[in-house]
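Protein chains in written order, with the working numbering: chain B, 1 to 476; chain X, 477 to 653.
Backbone N, C-alpha and C define an ideal beta-carbon position, used for all residues, glycine too.
All values reported here derive from a predicted model rather than from experimental measurement.
Reading through the structure tokens given below for one structure.
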């Protein structure tokens, strides 16, 4: 292929991978059920090389899939057929730290946790903490507008990015800052899933490391009581640093794996982290304990070790579930918090209907659900069943006033679900926005926004303006 | 859909030039407010003071710098500021062809589709008519003194061209002046 030849002759050979054996490690991202070998993988070491790759791809009408660490869960970094993967993992330098103004300028391949490690000496850290933070890169975080456990209090990626430098498909450098007068282009780039440009430098905001943090662990006899407790904490005027919920299956799995002392008789578990000065934490703790007085078990972390231990179970919930089942599928819908209990009951009904087990772990504070559907990909038809199950959950999320994806992105995975959340007119606007930046549609084409004919073929039933599909069904 | 929205759609479809302001919009009031969700949804013509009064009953505030309280929330959105943008969760708009469209929603985490709800912050009424906005609100106790945000105009011609093309996306007939 001409494009491969040009990459090999115009770039150092050491940064260009070709041939199936060499490109195989890049054939998928964290959503490994979808795989595709690219034409080539280029791992540039500087901006000039990125520009060269873009030029070659543009001249040859070849699509470009930008990739960070490949930890995404929606197929956003999965190669496309006949595409070139642009992996930015070698651009991994923290360029400067401005402790006084709490800013750091970093390259896109810097790992999320490495930012916090680099600035720890100043008593600062980078707040957004997706669970893949030891591996995922800041460039990928911006592309996906990643979340994490602490979003309710500290915001998503979009709230913690001060400025970016990006390349257009033409190789032009643009700087977008929070302080630009005019349209919200910086916000537009956050979560644009590699469809609009290549992010080559990020200025992130840093947060002072809280002096104190304590976690309250509360077990409940019913899911509904636990969900109500979430609303009651917020109603009491408290913004916890983290507010996480697990159902009994997830508790059992996590405890079996991490052995951290979770109450195995509880139907639901709440982890509520409070942080700040000692006085703030104590005041919040008093209020939270009052609100949670109806819990069946109630424990407060008494040491830093115990606090981390309480989290260890939650953070290992995914691998713990992975131990119980050959495969699992992770969903990412978000709903208004007041519907949490109803949603859980619905998911349980669907679990019975599809005969598939579900473990529920939630970022309850912001209504972001991660039901894990357990299945075995080796059983014929099981994956299709899971996808149907998942689609039902996502439709419910939209009907409850929420969204199909809170923090994982659409990628290739949720294209069908997008047809349910947006009508044809809204999707057309998205396509036109892409065309402004990328008229030949070479940047990660076909991802994130479904083609209109795809939705039409699905018979997607998005009905607008209050006329819901299936009016006979109970709404929440 | 409310009658006023249908009227506005007709007005826009039939117009050659429009200058949008809250008097012309004539669409005001709080649509939904759930204190335990930390979310308020308002019609764009609502006075900021009216929103603040509603939130104050639950010790909550709009957590961004407010210069004047007697202007509409739509005007503040149109003028744009980064701290206001940070609190935007969703918008309903009527574009330059009269289509009524919904972007974002009422939840804090939402990465489905491009972030049009925040893209249009600072659009100065020149891309679309913003009819409804949802904001994240915060308990008063968590919000200290809010500094006045600053902004500056970039002189990059490529950015100006992108903005011009984005106007075409939302207002292809160029009626919003």
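CB contact flag (residue i, residue j, <8 Å)
i	j	result
residue 276(B)	residue 598(X)	no
residue 317(B)	residue 256(B)	no
residue 29(B)	residue 70(B)	yes
residue 15(B)	residue 38(B)	no
residue 619(X)	residue 518(X)	no
residue 429(B)	residue 414(B)	no
residue 515(X)	residue 582(X)	yes
residue 337(B)	residue 499(X)	no
residue 246(B)	residue 198(B)	no
residue 115(B)	residue 106(B)	yes
residue 645(X)	residue 432(B)	yes
residue 634(X)	residue 612(X)	no
residue 588(X)	residue 421(B)	yes
residue 390(B)	residue 329(B)	yes
residue 90(B)	residue 171(B)	no
residue 489(X)	residue 541(X)	no
residue 427(X)	residue 643(X)	No answer is possible for residue 427(X): it lies beyond the span of chain X, which begins at 477 and ends at 653.
residue 162(B)	residue 177(B)	yes
residue 293(B)	residue 238(B)	no
residue 236(B)	residue 229(B)	no
residue 158(B)	residue 145(B)	yes
residue 7(B)	residue 75(B)	no
residue 377(B)	residue 326(B)	yes
residue 648(X)	residue 545(X)	no
Boundaries (first-last residue) of the beta strand (DSSP E) holding residue i
i	result
residue 67(B)	64-67
residue 609(X)	604-612
residue 508(X)	506-510
residue 166(B)	161-167
residue 375(B)	368-375
residue 201(B)	198-205
residue 209(B)	First-last for residue 209(B): undefined, no H or E at that position.
residue 103(B)	103-106
residue 330(B)	327-330
Where the alpha helix (DSSP H) containing residue i begins and where it ends
i	result
residue 664(X)	The requested residue 664(X) is not part of the displayed model; chain X covers only 477 to 653.
residue 38(B)	Run containing residue 38(B): none; DSSP gives neither H nor E here.
residue 279(B)	278-291
residue 2(B)	2-10
residue 343(B)	340-354
residue 53(B)	47-59
residue 479(X)	479-490
residue 224(B)	223-235
residue 115(B)	112-119
residue 253(B)	248-258
Closest residue to residue i among the options (Cα-Cα distance)
i	options	result
residue 523(X)	608(X), 575(X), 534(X), 593(X)	608(X)
residue 24(B)	80(B), 51(B), 11(B)	80(B)
residue 323(B)	198(B), 249(B), 342(B), 353(B)	249(B)
residue 83(B)	426(B), 444(B), 55(B)	444(B)
residue 615(X)	532(X), 526(X), 480(X)	532(X)
residue 392(B)	382(B), 436(B), 346(B)	346(B)
residue 456(B)	439(B), 61(B), 416(B)	416(B)
residue 441(B)	313(B), 251(B), 62(B)	62(B)
residue 590(X)	566(X), 511(X), 496(X)	566(X)
residue 278(B)	313(B), 311(B), 210(B), 262(B)	210(B)
residue 564(X)	652(X), 580(X), 551(X)	580(X)
Residues that residue i contacts on chain B, provided the C-beta gap is smaller than 7 Å
i	result
residue 586(X)	334, 403, 406
residue 650(X)	Those within 7 Å of residue 650(X) in chain B number zero; the least Cβ separation is about 15 Å.
residue 558(X)	178, 179
residue 645(X)	429, 432, 433, 436
Chain-ordered chain B contacts of residue i [CB-CB under 9 Å]
i	result
residue 594(X)	158, 184, 186, 187, 188, 190
residue 503(X)	Per Cβ cutoff of 9 Å: no residues; residue 503(X) is ~16 Å from chain B at best.
Proximal residues of chain X, C-beta to C-beta of residue i below 7 Å
i	result
residue 409(B)	587
residue 174(B)	632, 634, 635
Closer than 9 Å at the beta carbon, the chain X residues around residue i
i	result
residue 367(B)	513, 583, 584, 585
residue 449(B)	589, 590
Within-8 Å CB hit, residue i to chain C
i	result
residue 447(B)	Of the protein chains in this structure, namely B and X, none is chain C.
Cross-chain neighbours of residue i in chain B, by beta carbon under 8 Å
i	result
residue 510(X)	336, 338
**Study point:** Cβ-based contacts, 9 Å cut-off: residues of the region 147-162 of chain B near chain X
**Key:** Hits within the stretch, in order: 147, 151, 152, 153, 155, 156, 158, 159.
Check your understanding: Mind listing which residues of the region 314-339 of chain B have their C-beta closer than 8 Å to chain X's C-betas, in chain order?
Key -> Of all residues in the region 314-339 of chain B, 334, 335, 336, 337, 338 have a Cβ within less than 8 Å of some Cβ in chain X.
Review point. Of the residues that make up the region 411-435 of chain B, which ones have a beta carbon closer than 7 Å to any beta carbon in chain X?
Key: For the region 411-435 of chain B, residues whose beta-carbon sits nearer than 7 Å to a beta-carbon of chain X comprise 418, 421, 422, 425, 426, 429, 430, 432, 433.
**Study point:** Members of the region 572-584 of chain X that neighbour chain B once the beta carbon cut-off is set at 8 Å
**Key:** From the region 572-584 of chain X, only 575, 576, 577, 578, 579, 581, 582, 583, 584 have a Cβ closer than 8 Å to chain B.
**Study point:** Interfacial residues, the region 232-250 of chain B to chain X, with Cβ spacing under 8 Å
**Key:** Against chain X - using a Cβ distance shorter than 8 Å - the residues of the region 232-250 of chain B are 232, 234, 235, 237, 238, 239.
Exercise for review: May I ask you to list, following chain order, the residues of the region 598-627 of chain X that have a beta carbon less than 9 Å from some beta carbon of chain B?
Suggested key: Hits within the stretch, in order: 598, 599, 600, 603, 614, 615, 616, 617, 618, 625, 626, 627.
Review point. What residues in the region 130-149 of chain B bring their beta carbon closer than 8 Å to a beta carbon of chain X?
Key: From the region 130-149 of chain B, only 144, 145, 147 have a Cβ closer than 8 Å to chain X.
**Study point:** Where the region 630-643 of chain X meets chain B: residues whose CB sits under 7 Å from a CB there
**Key:** Per Cβ criterion, the list reads 630, 632, 634, 635, 638, 639, 641, 642.
Review point. Given a limit of 8 Å on CB to CB distance, which residues of the region 535-568 of chain X reach chain B?
Key: The region 535-568 of chain X vs chain B, Cβ under 8 Å: 535, 556, 558, 561, 562.
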